[in-house]
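J.:
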Amino acid sequence: MTSYDRPTTDPEASALADHPGGVSAATGARVPDAGPDTAGRQVTEAALFEAFGGVRGLVETVLPGLLFVAIFTVDKDLHVSAIAALAVSLVLCAVRLVRRDTVKHAFSGVFGVAFGVVFAMMTGNAKDFYLPGMLYTLGLALAYIVTTLAGVPLIGLILGPVFKENLSWRTRNPGRKTAYAKASWAWGLILLGKCLILFPLYWWADTTQLGWVLVALKIPPFLLAVYLTWVFLVKAPAPIDVFAEMEAQEKAEEALREGLATPGPAVADRPQEGPRHRR
1 MTSYDRPTTD
11 PEASALADHP
21 GGVSAATGAR
31 VPDAGPDTAG
41 RQVTEAALFE
51 AFGGVRGLVE
61 TVLPGLLFVA
71 IFTVDKDLHV
81 SAIAALAVSL
91 VLCAVRLVRR
101 DTVKHAFSGV
111 FGVAFGVVFA
121 MMTGNAKDFY
131 LPGMLYTLGL
141 ALAYIVTTLA
151 GVPLIGLILG
161 PVFKENLSWR
171 TRNPGRKTAY
181 AKASWAWGLI
191 LLGKCLILFP
201 LYWWADTTQL
211 GWVLVALKIP
221 PFLLAVYLTW
231 VFLVKAPAPI
241 DVFAEMEAQE
251 KAEEALREGL
261 ATPGPAVADR
271 PQEGPRHRR
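In terms of the numbering used here, the sequence shown opens at residue 1 and continues consecutively.
#1: Taking the CB atoms as reference points, tell me whether A186 and P153 lie closer together than 7 Å.
#2: With distances taken from CA atoms, which of R100, V80, G133 is nearest G109?
#3: Look at the alpha carbon of E250 and the alpha carbon of K177, and state the distance between them as a whole number of angstroms.
#4: Sorted by chain position, which residues of the same chain lie with C-beta nearer than 7 Å to G160's C-beta, five sequence neighbours on each side aside?
#5: Quick check on the DSSP output: the alpha helix (DSSP H) that includes D75 runs from which residue to which?
#6: If A94 sits next to P64, beta carbons under 8 Å apart, how far is it from one beta carbon to the other, in whole angstroms?
#7: Starting from K182, trace the alpha helix (DSSP H) in both directions and tell me its first and last residue.
#8: Between the region 59-74 and the region 213-223, are three or more C-beta pairs nearer than 8 Å?
#9: Could you tell me whether the Cβ atoms of T207 and A126 are closer together than 7 Å?
#10: To the nearest angstrom, how far is the alpha carbon of G259 from that of A236?
#11: Run the CB neighbour count on K76, radius 10 Å, all protein chains shown included, and call it buried at 16 or more, exposed below.
#12: Identify whether E250 lies in helix, strand or coil by the three-state DSSP scheme.
#13: Residues in its own chain within less than 6 Å of A183 by CB, not counting five upstream and five downstream?
#14: Is K127 helix, strand or coil when you go by DSSP?
#15: So what's I219 in DSSP terms, helix, strand or just coil?
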């Protein structure tokens with residue numbers, strides 16, 4: 001077992017665990033009751049905000065589809081609606097590029113809209129603009145469920161690098177792995193429920209009905225899944241910062257090499273003993 005596979009322990013946390021009344025054995029000071037601290041909550045919120053794009057990510061996800069269904073509802077023109085949706089996606093992506101922000105959410109939106117536009121143009125059916133996104137949602141729901149059953153919950157793979165823990169939660173932090181599994185189940189079941197609503201509408205409803213329902217279901221299920229993920233993670237053990245561990249190990253190895261490379265005092269420099277006199 002390597003140093004990165006061994007669980008880490010906090011001496012102060014261990015002391016608190018031995019004193020459930022909230023008194024530190026190390027300092028004798030009174031501490032708050034056990035539970036998620038403010039710092040842990042803030043770190044979790046910031047990580048989720050970064051991973052899922054925050055408010056701008058929601059706007060970039062909703063706006064193209066909203067523009068498509070709004071224009072199509074008014075004039076029933078597939079080409080105008082599709083071009084407008086693609087144009088606004090490109091503008092949103094360009095704004096991120098100009099501001100030098102993270103573009104992964106904008107790029108994913110552009111690709112999603114582009115696939116929808118191409119598919120709808122090829123079939124001539126405006127409802128097919130939404131089909132690639134619906135298939136992606138179904139595939140993502142199954143991915144969350146299957147990876148959780150396999151013991152590698154997808155939400156852990158997504159958030160591990162954000163929390164700087166990578167895959168350490170798999171073997172070194174079982175409580176965190178459990179939280180990731182619960183969160184992945186939540187994402188999978190929520191997205192699967194969304195698909196159970198949308199796919200029947202794809203066959204039975206018209207384009208405008210499907211479009212407005214899809215726009216209405218963009219944000220609420222997403223926010224519910226993010227909220228449940230936050231609930232599970234703030235109650236989980238803190239992430240193990242493997243980057244800090246590697247940096248500390250590299251510094252220790254460098255110090256050891258420098259210590260070995262430093263020569264000891266030369267023989268000639270040692271103080272000479274004076275002549276011994278016989279009594």
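Glycine residues also receive a C-beta, built at the ideal position from the N, C-alpha and C atoms.
Source: prediction; values computed, not measured.
T.: Let's see:
#1: No, these two residues do not count as a Cβ contact at 7 Å.
#2: With distances taken between Cα atoms, G109 lies closest to G133.
#3: C-alpha separation (whole angstroms): 27 Å.
#4: So the list reads N166, L167, W169, once near-sequence residues are dropped.
#5: For D75, the enclosing alpha helix (DSSP H) has its first and last residue at 54-75.
#6: Going by Cβ atoms, the distance from A94 to P64 rounds to 14 Å, so no, they are not a contact pair.
#7: For K182, the enclosing alpha helix (DSSP H) begins and ends at 174-204.
#8: Verdict: yes, contact present.
#9: Taking 7 Å as the Cβ cut-off, T207 and A126 qualify as a contacting pair.
#10: Whole-angstrom Cα-Cα distance: 40 Å.
#11: By the neighbour-count criterion, in which 16 or more other beta carbons inside 10 Å mark a residue as buried, K76 falls on the exposed side.
#12: In the structure shown, E250 sits in a helix (DSSP, three-state: H, G or I).
#13: Only I155, T229, F232 meet the Cβ criterion.
#14: Correct three-state label for K127: helix.
#15: Under the three-state reduction of DSSP, I219 is assigned to helix.
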